[in-house]
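A short worksheet on the structure shown next.
Protein chains: 2
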Amino acid sequence: MKILGVIVEYNPLHNGHLYHLQASKSLSNCDYTVAVMSGNFVQRGEPAIVDKWKRTLMALKAGIDLVIELPVVYATSTAENFAYGAVKLLDSLNVIDYLCFGSERGNIEELLEIVQILVEEPPPYKQALKEYLKNGITFAKARELALKKVINNEIEKILQTSNNILAIEYLKSLKKLKSPIKPLTIKRKGPLYTSLELKGEFASASSIRKHIFDRGLKDVENYIPNFTKEILKESFLKGEGPVSFEEFSKILIYKLRSKAPLEDIFDVSEGLENKIYKASQLTNRIDELIKLIKSKRYTESRIRHILTHLLLNIDKKIFEEFDGPNYIRILGFNKKGIEILKEIKKKSQLPIITKISHYKRKLNNVKMFEKDLFATDVYTLAYKNSSITGLDFKHPIIKI
Amino acid sequence: MKILGVIVEYNPLHNGHLYHLQASKSLSNCDYTVAVMSGNFVQRGEPAIVDKWKRTLMALKAGIDLVIELPVVYATSTAENFAYGAVKLLDSLNVIDYLCFGSERGNIEELLEIVQILVEEPPPYKQALKEYLKNGITFAKARELALKKVINNEIEKILQTSNNILAIEYLKSLKKLKSPIKPLTIKRKGPLYTSLELKGEFASASSIRKHIFDRGLKDVENYIPNFTKEILKESFLKGEGPVSFEEFSKILIYKLRSKAPLEDIFDVSEGLENKIYKASQLTNRIDELIKLIKSKRYTESRIRHILTHLLLNIDKKIFEEFDGPNYIRILGFNKKGIEILKEIKKKSQLPIITKISHYKRKLNNVKMFEKDLFATDVYTLAYKNSSITGLDFKHPIIKI
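Chain order of the listed sequences is A and B.
For the first sequence, counting from 1, position 250 maps to 250 in my numbering; every step adds exactly one.
Whatever position you read off the second sequence (first residue = 1), add 400 for my numbering.
Right under this line is the structure:
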């Protein structure tokens, strides 16, 4: 029983994801696949376009055998926290043989070379990093410049894409955890994550979402599998999505005008705090708020993470209290997934959560899990049907 | 210079209001009129259908000379607090000769008789009240039954309408303040406040609002002056209203699910607190939330006041900190209004606020005033144009 692990969001699942999954299976030669997937809020720092159960169904239809939820605390944090949470969770299962992720060039060696420096921090690198940070540029940029000094490589190209940034973080986490999971990478196909154009064979999830928000499902048919289309169509008909960050504009602007404490939130520095409060006096919309704040120093991604954590009442202390997820929340599985679950039950130390009503009995510390419950209760405020509440307790596990 | 005072909401101003204003002027024989008006949130415990500047314009067009804002802390509280805040404000002006209000029967004597008992609390009344309260019925009902024991009168009829309840509270406040303002009452015309039918010569503001929300302005033309219609039409075209409580459903349900402390809010008892938290887990809408909670014991009105105070972050402590409004916030005036303002400047102890940017200089305690500013910033979250913010600082005083 060889088991492949993947870390996904499927927001929504498109042809590029399908390609990646098939390529990963054949590269790793695994016959079982486990996905750790973001729940109702994702790493971009916003709600997913449809909820976690709908995206779990997409995952199973695509050929994933078991879907486990990445706790929202990690799913909505920096690339480093996201990766650490997801890799630690996969590692804690004690059954995963390979982790396969996309990267721009599909070259695991050049990524490992970078990671070695980042983890070991040899003196020339550390010195350079320190110098650059003094000049007030972002950490990401300082790191890039410092790496350039010690590696004879096209370091900018490698670090500029979000796929590679995540890839490096996955590798860092594996190394840190001394995990036996073997990393593999697949060369990513299609346009960059940030491209919003729909053309060619593949489209990015961002461009697909943008087109769905602007014009519905019609334009994106060639870029998503038929099952994704059907799941999205049915969801939208029921008034369950597409969910955008704008649905939470009133809540967030209101909270900021009420001077909800920002200093308790991860990655908030004092200058940024005041910028955010001030901007909340100037607009009623989140997208405009972000535009007002973002700068070279404060990236859009950082602001989004902060706002999402504010929305979900996620305090930075939670990252100190936990070293990775303390539960395995099952979102869905197929028959092969049941076999994997049996293995996990035998080999993992973490409690497996299938019946939500039992969570208090199963967990010593419920804080992280209750953030997932709250995230769902916030997410469904965007649904047309106002009686949809407490969905984590009511929604069945997805089985196909 | 004889000056009439009225306490209004004009939500929106309709023909019944117009009748009341003209009748009050002729009964009091005054040639100047000052209105104390609720701002962006009203006594029903919800947002006004259009903002305070639009309703000020209606008031001036109807023949009011000077419009003063009733601080939101009082405007959104119980009948007792509402009346006390408004009467105290009128009294503090030191220029008002008469206060004229509507009542169902237009009989000031029978109202004064009731008020005497309520203020002096003779032993038979006090005893009876105590007995009834023991049985767990609402204070309003216990008071009614106790009054019935000591007054030979159709007390139920008198106390059952919100107009009379307010009338009694106005008289109580005048008595408490030993105010020189002479009370007058006009028999109310048209259907009861609670009637939602549109028929006959007059319609209630509630029925007019309901029809506007359901079907726009068409049905209500016969019940509102033309200027009201034009002001509403223009506002709606700009996406500024009609504003309903539902616009704030997400914020309120979110706050309740976040366990925002209810115990700090006026009129919250422990049983009610838990009922409200529980109900917030069952629906995403405010109207449904209220339906789930309301009972003989917890009236809809009480729940609405609590939710509005939660929305506006109004803590019950503010009622202890202040004994009535500590400022005179001018919303609008005509030429005669300027004359009244000159008189007020001479005779009143309270600071007059016309330029909002000066409020910190003018007020020793800014807390109550800042609640008005915050209320406006919450209110305009319901506007289509997302750049409308900080309106108290930007909107000119209404002058005609």
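C-beta: ideal position from N, C-alpha, C; glycine also.
### Task
Mind listing the chain A neighbours of LEU781(B)? Cutoff is C-beta to C-beta under 7 angstroms, in chain order.
Position 381 of the second sequence, counting from 1, holds the residue named residue 781(B). The answer, in chain order, is LYS250, ILE253, TYR254 and ASN284.
### Task
Reducing DSSP to helix, strand and coil, say where PRO583(B) ends up.
Residue 583(B) sits at position 183 when you count from the first residue of the second sequence. If DSSP states are grouped into helix, strand and coil, PRO583(B) belongs with the strands.
### Message
Let me check understanding here. Comparing Cα to Cα, which of SER92(A), LEU93(A), ILE353(A) and LEU99(A) lies closest to ASN29(A)?
### Response
What you label residue 29(A) is simply residue 29 of the first sequence in a count that begins at 1. Of the listed residues, the one whose Cα sits closest to ASN29(A) is LEU99(A).
### Task
Please work out which residues of its chain come closer than 8 angstroms, Cβ to Cβ, to LYS548(B), disregarding the five sequence neighbours upstream and downstream, and give them in chain order.
As a working mapping, residue 548(B) is identified with position 148 in the second sequence. So the qualifying residues of the chain are ILE555 and GLU556.
### Query
Can you round the beta-carbon distance between LEU350(A) and ASN313(A) to whole angstroms, since I take them to be within the 8 angstroms contact cut?
Sequence index remark: in the first sequence, residue 350(A) carries index 350 (1-based). Sequence index remark: in the first sequence, residue 313(A) carries index 313 (1-based). Incorrect: roughly 24 angstroms between the Cβ atoms, too far for contact.
#### Entry: Three-state secondary structure assigned by DSSP to SER28(A)
One-based indexing of the first sequence puts residue 28(A) at position 28. It is helical.
### Task
Tell me whether the beta-carbon of LEU310(A) lies closer than 9 angstroms to the beta-carbon of LYS275(A).
Looking up residue 310(A) in the first sequence gives position 310. Looking up residue 275(A) in the first sequence gives position 275. Their beta carbons are not under 9 angstroms apart, which means LEU310(A) does not touch LYS275(A) by this criterion.
#### Entry: Exposed unless 16 or more other CB atoms sit within 10 angstroms - verdict on ASN364(A)
As a first step, residue 364(A) is located in the first sequence; it is residue number 364 there, counting from the start. It counts as exposed.
### Extent of the continuous beta strand (DSSP E) to which VAL414(A) belongs
Past the edges of chain A, shown from 1 to 400, lies residue 414(A), and the structure says nothing about it.
### Query
Does the Cβ of LEU490(B) have 16 or more other Cβ atoms within 10 Å, making it buried, or fewer, making it exposed?
Sequence index remark: in the second sequence, residue 490(B) carries index 90 (1-based). Classification of LEU490(B): buried, given that the 10 Å Cβ count is 16 or more.
### Query
With distances taken from CA atoms, which of ASP97(A), PRO122(A), LYS134(A) and PHE82(A) is nearest ILE165(A)?
Residue 165(A) sits at position 165 when you count from the first residue of the first sequence. Residue PHE82(A) is the option with its Cα nearest to ILE165(A).
### Task
Closer than 8 angstroms, Cβ to Cβ, to anything on chain A: give me those residues from the stretch 698 to 731 of chain B, in chain order.
ASN713
### Query
Considering only residues of the stretch 258 to 336 of chain A, which uninterrupted alpha helix (DSSP H) runs meet the minimum length of 4 residues and lie entirely inside it, listed in chain order?
270 to 280, 286 to 293, 300 to 311 and 317 to 321
### Cβ-Cβ separation, PRO183(A) to ILE108(A) (assumed contact under 8 angstroms), whole Å
As a position in the first sequence, residue 108(A) is number 108, starting the count at 1. As a position in the first sequence, residue 183(A) is number 183, starting the count at 1. So it is a contact: roughly 6 angstroms between Cβ atoms.
### Query
According to a CB-to-CB cut-off of less than 9 angstroms, which residues of the stretch 625 to 643 of chain B neighbour chain A?
none
#### Entry: Whole-angstrom distance between GLY732(B) and THR789(B), CA atom to CA atom
Working through the second sequence from its first residue, we reach residue 789(B) at position 389. Working through the second sequence from its first residue, we reach residue 732(B) at position 332. Taking the straight line joining both Cα atoms gives about 20 angstroms.
### Query
Beta-carbon separation of LYS250(A) and PHE648(B) under 9 angstroms?
Position 250 of the first sequence, counting from 1, holds the residue named residue 250(A). Position 248 of the second sequence, counting from 1, holds the residue named residue 648(B). Result yes, Cβ atoms of LYS250(A) and PHE648(B) sit closer than 9 angstroms.
### Message
Does the contact criterion of 3 or more C-beta pairs under 8 angstroms hold for the stretch 464 to 471 of chain B versus the stretch 535 to 543 of chain B?
### Response
no
### Message
Suppose the cutoff is 7 angstroms on Cβ atoms and the five residues either side in sequence are ignored; what does the same chain contact list for HIS611(B) look like?
### Response
Residue 611(B) sits at position 211 when you count from the first residue of the second sequence. Cβ within range, chain order: LEU598, ASP619 and VAL620.
### Task
Report the residue ranges of all alpha helix (DSSP H) runs contained in full by the stretch 621 to 661 of chain B; include only those spanning at least 4 residues, in chain order.
626 to 637 and 649 to 657
### Message
Rounded to the nearest angstrom, what separates ALA567(B) and GLU673(B) at their Cα positions?
### Response
As a first step, residue 567(B) is located in the second sequence; it is residue number 167 there, counting from the start. As a first step, residue 673(B) is located in the second sequence; it is residue number 273 there, counting from the start. Approximately 30 angstroms, taken between the alpha carbons.
### Message
Below 8 angstroms on the Cβ atoms is my contact criterion, and I expect TYR84(A) with SER173(A) to pass it. Report the Cβ-Cβ distance as a whole number of Å.
### Response
The residue given as residue 84(A) occupies position 84 in the first sequence. The residue given as residue 173(A) occupies position 173 in the first sequence. Confirmed, Cβ separation roughly 5 angstroms.
### Query
Taking the alpha-carbon positions, what's the GLY616(B) to GLN681(B) distance?
Locating residue 616(B) in the second sequence gives position 216, counting from the first residue. Locating residue 681(B) in the second sequence gives position 281, counting from the first residue. Going by the C-alpha atoms only, they are around 32 angstroms apart.
#### Entry: Nearest-angstrom Cβ-Cβ length linking GLY639(B) and ASN785(B), presumed shorter than 8 angstroms
Taking the second sequence and counting its residues from 1, one reaches residue 639(B) at position 239. Taking the second sequence and counting its residues from 1, one reaches residue 785(B) at position 385. Confirmed, about 6 angstroms.
#### Entry: Residue range of the unbroken beta strand (DSSP E) whose run includes VAL467(B)
Looking up residue 467(B) in the second sequence gives position 67. From DSSP, the beta strand (DSSP E) with VAL467(B) extends over 466 to 470.
### Query
Regarding LEU363(A) and the ligand SAH, is the C-beta to nearest heavy atom distance less than 8 angstroms?
Summarising the ligand content, the structure contains no ligands, and the ligand SAH is consequently not present.
### Task
For GLU288(A), go through chain B and note every residue whose CB falls closer than 9 angstroms to its CB, in chain order.
By one-based count along the first sequence, residue 288(A) stands at place 288. The answer, in chain order, is SER786 and SER787.
### Query
How close, in whole Å, do the beta carbons of SER103(A) and LYS187(A) come, if the pair is a contact with beta carbons under 8 angstroms?
Along the first sequence, read from residue 1 onward, the residue named residue 103(A) stands at position 103. Along the first sequence, read from residue 1 onward, the residue named residue 187(A) stands at position 187. That pair is a contact at about 7 angstroms.
### Task
Drop a sphere of 10 angstroms on the beta-carbon of GLN422(B), count the other beta-carbons inside from all chains shown, and report buried for 16 or more, exposed for fewer.
For the purposes of this step, residue 422(B) is taken as the residue at position 22 of the second sequence. Exposed, since its Cβ has fewer than 16 Cβ neighbours within 10 Å.
### Query
Roughly how many angstroms lie between the CA atoms of LYS799(B) and ASN734(B), to the nearest whole one?
Looking up residue 799(B) in the second sequence gives position 399. Looking up residue 734(B) in the second sequence gives position 334. One C-alpha to the other measures close to 6 angstroms.
### Query
Taking the alpha-carbon positions, what's the LYS178(A) to LYS88(A) distance?
Taking the first sequence and counting its residues from 1, the one referred to as residue 178(A) is at position 178. Taking the first sequence and counting its residues from 1, the one referred to as residue 88(A) is at position 88. Approximately 10 angstroms, taken between the alpha carbons.
### Query
Candidates GLU110(A), VAL150(A), THR138(A) and ASP323(A): which alpha carbon is nearest GLN127(A)'s?
Mapped onto the first sequence, residue 127(A) falls at position 127. It is VAL150(A) whose Cα lies nearest to the Cα of GLN127(A).
### Query
How would you call THR754(B), buried or exposed, if buried means at least 16 neighbouring beta carbons within 10 angstroms?
For the purposes of this step, residue 754(B) is identified with residue 354 of the second sequence, where counting begins at 1. With fewer than 16 other Cβ atoms within 10 Å, it is exposed.
### Query
How far does the beta strand (DSSP E) with PHE501(B) in it reach, from first residue to last?
In the second sequence, residue 501(B) corresponds to position 101, counting from 1. Segment 498 to 503, the beta strand (DSSP E) holding PHE501(B).
#### Entry: Interface positions of the stretch 255 to 270 of chain A facing chain B (Cβ-Cβ less than 8 angstroms), listed along the chain
ARG257 and SER258
### Task
List the residues that DSSP assigns as beta-bridge partners of THR33(A).
As a working mapping, residue 33(A) is identified with position 33 in the first sequence. DSSP lists LEU4(A) as partners of THR33(A).
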